[in-house]
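Just so you know, we're using the working numbering here: the sequence shown kicks off at 414 and counts up by one.
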Amino acid sequence: MFKKLLASGVALAALSGAAQAADKKLVISVYGFAQDAFKEIVYDPFEAQCGCELVVETGNSVERLAKLEARKDDPEIDMAVMSTHDALSAARKGITQSIDVSRLSNYDKLYDIAKDPVGDNMGVGYTFYATSIAYRADEVTIESWADLFQDKLKGRVAFPNVSTNQGPPALYMVGKAIGDDAADLKAAIGEVAKNKDDIVTFYERSSQVAQLMQQEEILAAPIGRFAWGAYSKMGFDMAWATPKEGQTGGMNVMILTKGAKNEDLAYEFMDFWLSTEIQTKLAEALVDSPANSEVKVSDEIAENLTYGAETVESLQLLDPAVILDNRESWLSEWNAQIGQ
414 MFKKLLASGV
424 ALAALSGAAQ
434 AADKKLVISV
444 YGFAQDAFKE
454 IVYDPFEAQC
464 GCELVVETGN
474 SVERLAKLEA
484 RKDDPEIDMA
494 VMSTHDALSA
504 ARKGITQSID
514 VSRLSNYDKL
524 YDIAKDPVGD
534 NMGVGYTFYA
544 TSIAYRADEV
554 TIESWADLFQ
564 DKLKGRVAFP
574 NVSTNQGPPA
584 LYMVGKAIGD
594 DAADLKAAIG
604 EVAKNKDDIV
614 TFYERSSQVA
624 QLMQQEEILA
634 APIGRFAWGA
644 YSKMGFDMAW
654 ATPKEGQTGG
664 MNVMILTKGA
674 KNEDLAYEFM
684 DFWLSTEIQT
694 KLAEALVDSP
704 ANSEVKVSDE
714 IAENLTYGAE
724 TVESLQLLDP
734 AVILDNRESW
744 LSEWNAQIGQ
């Protein structure tokens, strides 16, 4: 009888443990790109570590932010990743809560620009990218953002639309090049407008630019570093500009929803993602440039990333509040001077 009771107790304990594991569920909201790589490098290993279920929701920034806002009083998503300005927008709408960075063992390993890019610890940077000018070095020389409008590039250059992630940062650097980097970007938009007839396209997708470059219809364009790999393999003498005004770029951050139902798991997952091991694997897979300063990769891998202390320190990122407070006026000014 004792043996039967003991066996029953062990079986009940096993069932109870399985039930508890099944009850542990973390819901995250992320960008839709490179999900196969993220599953292999991040999601599956984390599930194995935590003994929990990871539910991944994907979509574009507008859709995901709208869903977070719609459910802010009863959040179903615990943790999300988004741009710094979208994170600030979420914070202003009361969707997110301040992150207790003392609960992140890998926080001190981050580059300084990634530690509190939104303010009030409302987001922690996990990746960033540089934006500069990709160009044909055998055809032109680029030493300044103003060189985009040189005679040799008339009818041979592409520029990002103001509505894209690359648009405002590129305009900001054009403004710096002509001596007016005011937040309204009027001078920069005016400079682009003055040269609009010599610009092949105001692109909305990075794939457009790569195709035009491959077909030799353009010789230069501002792009994000994450897209550089395609250009380096084109068989041309391609170069990445280091303009005298510097490089700009963007950053993505992790946020914690206000009232998250699985807060402890969210912190565990964020810390896992920020670890040197995971950030290194993502970098080696050319998925994300590392925000963890301890990551070391080969020169070949680094060539395709925004990598290293010197590069990171050179980035001139637009303040997320500037983007959030001005993007409607930027679009209005753009449409007035350049058209849709």
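Beta carbons are placed, not taken as given, at the ideal position from N, Cα and C, and that holds for glycine.
A quick note: this is a predicted structure, and the numbers were derived from the prediction, not measured.
- Taking the C-beta atoms as reference points, Leu439 is found no nearer than 8 Å to Leu687.
- Sequence-distant Cβ neighbours of Glu658 in its own chain, meaning closer than 6 Å and more than five residues away, are Trp558, Met586, Lys589 and Ala590.
- In the pairwise beta carbon analysis, the segment 718 to 738 is classified as touching the segment 520 to 534: at least three pairs are separated by under 8 Å.
- Here Gln448 carries a helix assignment [DSSP, helix/strand/coil].
- Burial of Phe562 is indicated by the presence of at least 16 other C-beta atoms within 10 angstroms of its C-beta.
- With a cut-off of 8 Å on Cβ pairs, the segment 515 to 526 is not in contact with the segment 476 to 485, counting fewer than three such pairs.
- Under the DSSP assignment, Arg549 falls in the beta strand (DSSP E) whose first and last residues are Val537 to Arg549.
- In the structure shown, Lys599 adopts helical secondary structure according to DSSP, grouped into three states.
- Your pair Glu460 and Glu466 checks out as a contact, with CB atoms roughly 7 Å apart and the cut at 8 Å.
- Membership of Ser442 in any alpha helix (DSSP H) is not indicated; the residue belongs instead to the beta strand (DSSP E) covering Lys438 to Val443.
- Under the DSSP assignment, Pro573 falls in the beta strand (DSSP E) whose first and last residues are Val570 to Pro573.
- DSSP places Ile714 inside the alpha helix (DSSP H), whose first and last residues are Asp712 to Ala715.
- Taking every protein chain shown into account, the CB of Arg618 has fewer than 16 other CB atoms within 10 angstroms, so this residue is exposed.
- DSSP lists Ser442 and Ile668 as the bridge partner or partners of Ala493.
- Looking at the DSSP output, Leu728 sits in a beta bridge with Gln660.
- Following the DSSP letters along the chain, one finds Ala734 inside the alpha helix (DSSP H) bounded by residues Pro733 to Gln750.
- Taking the C-beta atoms as reference points, Ser496 is found nearer than 8 Å to Gly663.
- CA-to-CA, the gap between Ile602 and Pro458 works out to about 46 Å.
- The C-beta separation of Arg549 from Ala633 comes to about 7 Å, placing the pair in contact by the 8 Å criterion.
- Residue pairing for Ile636: DSSP places it in a beta bridge opposite Ser545.
- For Trp686, the enclosing alpha helix (DSSP H) starts and ends at Glu676 to Leu687.
- Shown here, Ala652 sits in a strand according to DSSP, grouped into three states.
- Trp641 and Asp436 have their C-alpha atoms some 43 Å from each other.
- In the three-state scheme derived from DSSP, where H, G and I count as helix and E and B as strand, Gln692 is classed as helix.
- Between Thr554 and Ala704, the C-beta spacing is not below 8 Å.
- Only buried fits Gly536, as 16 or more other CB atoms lie within 10 angstroms of its CB.
- Under the 10 Å beta carbon count, Val575 is surrounded by 16 or more other beta carbons and is classified as buried.
- Scanning its chain for C-beta atoms nearer than 6 Å, with the 5 sequence neighbours on each side dropped, one finds around Lys485 the residues Ile508, in chain order.
- Annotated three-state conformation of Tyr720 is coil, per DSSP.
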